[in-house]
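A.B. asks: Using our numbering, the first residue of the sequence shown is number 104, and each one after it goes up by one. Glycine included, C-beta positions come from ideal geometry on N, C-alpha and C. Predicted, not measured: the structure shown is a model, and the values here were computed from it. I'd like to ask you about the structure that follows.
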Amino acid sequence: MLTYLLRRLLLMIPTLLGITIVVFSVMVMSPGGISSQTLVGGLNMKPQEKQALMAYYNKRYGLDQPAPLQYLRWLNNVSPVGFEQDEAGKYTQFSFTKGMDLGTSFMYGRPVSDILAERIPITLLLNLVTLPFIYVIAIWTGMKAGTNRGGRFDVASNVSMLALWSVPTMLAGVLLLGFFANVQHFQWFPTAGISSREAQDMPFLPHTIAGVFVPGFLLDRFWHLVLPVLCLSYGGSAMLAKLTRASVLENLNADYARTARAKGLAETDVLWRHVFRNGLLPLITTSAGLLPSLLAGSVIVENIFSINGMGQLMVEAVKGRDRELVLSVTWISGFLTLVGYLIADFCYTLADPRVTYD
């Protein structure tokens, strides 16, 4: 198992390199490419100031060099092992402990690492809340529908899940905002962000002051996450519910299930200890691709609900041709995706002892 994990970790390196090369090539080949001229743009600056700013960009990021050299320069900066640079920007000696430098954002004028440190926890919070919600709804619905095949719940859930799976995320987000956060309708939930300004000064847990209920920071954060989490989870839960139902129907009348019933086990024990465990493998396989889809869905959801996470940051970086930021976000997203696939492989061994990687 250890050998397999080490091999998978080593294979992540060329995979991440391939992802960043593709993204960098697309940015370079886009109309106008990435150059100091496009970054300066049409700012109201004097000619000498504009030339000085262009010279700074060229020196700081090597934008006047060929595209392959620009990529190798960025790769050397983000790699913990590589050539060190002096104050003049020249490469000196090779070092194994130089550390990682994600560069400075063109748009924000701040280190990319500081920006990511602010945005990554927000996107991870959305996904960590969404994933359990998806699986709880999907497993409960799929198991109940599979054990009552042809019943009212089975028919109703099949129609509902198919309808939910067919609704685009962008349309669902707009409808949720229009009906549940609009002053003309219910206005039950906030329209933007993941917390209110007043909640920053509140205690963590709800409490009462002089008979007045104060929601607290935790309840306020939960109230802001309701609509974004619903928008992120309905498609995945619908797909997994259908998959769970099919897996239950496939294993419910298998030989091992009939043997367990013949031994006198209760139907609930047969269902959850045998049928459900053997039906986990398709769910684990699907979960490996669920994390990338959630990260992609965050781009839409975060823009609709004005959440300052990785998704909105990626859109802003692409619009502003912020090469350092785009490549860093791509690198982080690719790494999280590969880690998701690795966790799925590890979960196979927990669900089925017959699966080994020795």
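Output needed for tyrosine 337: all residues of its chain with C-beta closer than 6 Å, excluding positions within five of it in sequence on either side, in chain order.
C.D. replies: For tyrosine 337, where only same-chain residues beyond five positions count, the Cβ hits under 6 Å are Leu267.
A.B. asks: So if DSSP puts threonine 311 in a beta bridge, which residue, or which two residues, is it bridged to?
C.D. replies: Partner(s): Phe316.
A.B. asks: For my contact list, methionine 273 and aspartate 425 are in at a C-beta cut-off of 8 Å; report their separation, rounded to the angstrom.
C.D. replies: About 24 Å separates the two Cβ atoms, so there is no contact after all.
A.B. asks: From arginine 176 to glycine 165, what does the alpha carbon distance come to, in whole angstroms?
C.D. replies: Near 8 Å, if we compare the C-alpha coordinates of glycine 165 and arginine 176.
A.B. asks: Extract the residue ranges of the beta strand (DSSP E) inside the region 293-367, only unbroken runs of 3 or more that lie entirely within it.
C.D. replies: Correct list: 310-312, 315-317.
A.B. asks: For the alpha helix (DSSP H) that tyrosine 451 lies in, which residues bound it at each end?
C.D. replies: Unbroken alpha helix (DSSP H) run through tyrosine 451: 426-454.
A.B. asks: Taking methionine 305 as the reference, give the member of Ser409, Gly296, Val317 with the closest Cα.
C.D. replies: Of the candidates Ser409, Gly296, Val317, the one whose C-alpha sits nearest the C-alpha of methionine 305 is Val317.
A.B. asks: Could you pull out every unbroken alpha helix (DSSP H) segment of at least 4 residues lying fully inside the region 148-183, listed in chain order?
C.D. replies: Fully enclosed alpha helix (DSSP H) runs of 4 or longer: 150-164, 170-181.
A.B. asks: Going residue by residue through the region 178-242, where are the continuous alpha helix (DSSP H) segments of at least 4 residues, counting only ones entirely within it?
C.D. replies: Complete alpha helix (DSSP H) runs here, min 4: none at all.
A.B. asks: Which whole-angstrom value is the C-beta distance of leucine 343 and isoleucine 237, which I expect to be below 8 Å?
C.D. replies: Rounded, the Cβ-Cβ distance is 6 Å, consistent with contact.
A.B. asks: Can you name the start and end residues of the alpha helix (DSSP H) that arginine 111 belongs to?
C.D. replies: It spans 105-132 - the alpha helix (DSSP H) in which arginine 111 sits, taken as one unbroken run.
A.B. asks: Around the Cβ of serine 436, are there at least 16 other Cβ atoms within 10 angstroms (buried) or fewer (exposed)?
C.D. replies: With 16 or more other Cβ atoms within 10 Å, it is buried.
A.B. asks: What residue from Leu109, Ala275, Thr347, Val232 has the CA that sits closest to leucine 384's CA?
C.D. replies: Checking every option, the nearest Cα to that of leucine 384 belongs to Thr347.
A.B. asks: Tell me whether glutamate 427 is buried or exposed, calling it buried when 16 or more other Cβ atoms sit within 10 Å of its Cβ.
C.D. replies: Counting Cβ neighbours within 10 Å, glutamate 427 comes out buried, since at least 16 surround it.
A.B. asks: Do isoleucine 387 and cysteine 334 have their CB atoms nearer than 7 Å?
C.D. replies: The answer is no: Cβ separation not under 7 Å.
A.B. asks: Cutting at 8 Å between CB atoms, please list the residues of its own chain near arginine 213, excluding the five before and the five after it.
C.D. replies: Once the five neighbours on either side are set aside, the close Cβ partners of arginine 213 are Thr207.
A.B. asks: Going by other Cβ atoms of all chains shown within 10 Å of its Cβ, with 16 needed for buried, is alanine 155 buried or exposed?
C.D. replies: Exposed is the call here.
A.B. asks: Does proline 271 come out as helix, strand or coil in the three-state DSSP assignment?
C.D. replies: Coil.
A.B. asks: Taking DSSP as the reference, what is the three-state secondary structure of serine 409?
C.D. replies: In this structure, serine 409 counts as coil in the three-state DSSP scheme.
A.B. asks: Taking asparagine 406 as the reference, give the member of Leu330, Ala349, Gly367 with the closest Cα.
C.D. replies: When each option's Cα is compared against that of asparagine 406, the closest is Leu330.
A.B. asks: Suppose contacts are defined by Cβ-Cβ distances below 7 Å. Is aspartate 204 in contact with asparagine 179 by that definition?
C.D. replies: Taking 7 Å as the Cβ cut-off, aspartate 204 and asparagine 179 do not qualify as a contacting pair.
A.B. asks: Around the Cβ of tryptophan 434, are there at least 16 other Cβ atoms within 10 angstroms (buried) or fewer (exposed)?
C.D. replies: Per the 10 Å Cβ criterion, buried.
A.B. asks: Please determine if the region 288-303 and the region 415-423 are in contact, where contact requires at least 3 C-beta pairs separated by less than 8 Å.
C.D. replies: The region 288-303, when compared against the region 415-423, does not touch it at the 8 Å Cβ threshold.
A.B. asks: What is the rounded straight-line gap between the Cα of proline 247 and the Cα of aspartate 257?
C.D. replies: In the sequence under discussion, the amino acid at residue 247 is lysine, which differs from the proline named in the question. Cα-Cα distance, rounded: 8 Å.
A.B. asks: Taking just the CA atoms, how far does tyrosine 159 sit from threonine 294?
C.D. replies: Each residue's Cα considered, the two are about 41 Å apart.
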